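Under full-length UniProt numbering, think of the first position of the sequence shown as 1, with each following residue one higher.
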Amino acid sequence: MTLHTTHRSSPVVPRIIERIAEADGVDPTSMTPPLADVVDPDALNELIEHGLDDADRTFEVRFHYCGHEVVVTDDGDVSLE
């Protein structure tokens, strides 16, 4: 199952945590390990907020966290696969 959320106006990292907590039915503060052990949250937020220097390029960031493959696209879409 794939779950999506897009809210470009809000930072992506909290949305990732909320999406996983919702999918797993857990409290977001109880998730271990911390997301920062898997990906640099500041760098990910910065990358999604400001993108790449080349506006014609698109990208996505994929990583595994809490048993999910997390996919974040350049437009701020968050998917769990």
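Cβ coordinates follow ideal geometry from the N, Cα and C atoms, glycine included.
Note that the coordinates shown come from a computational prediction; the quantities given were computed from them, not determined experimentally.
Endpoints, the alpha helix (DSSP H) within which residue i is located
i	result
E69	Looking at the DSSP string, E69 is not in any alpha helix (DSSP H); the run it does join, the beta strand (DSSP E), is H68 to T73.
D27	Segment: none, D27 is in no alpha helix (DSSP H) and carries neither H nor E.
L44	P41 to H50
Closest Cα partner of residue i within the set the options
i	options	result
P11	V61, P41, A36 and G67	P41
P33	A43, L44 and I20	I20
A43	V78, V61, V26 and S79	V61
Residues near residue i in its chain [Cβ-Cβ closer than 8 Å; skip 5 each side]
i	result
L35	V13, I16, I17, P41 and Y65
C-beta contact flag for residue i and residue j at 9 Å
i	j	result
H68	E49	no
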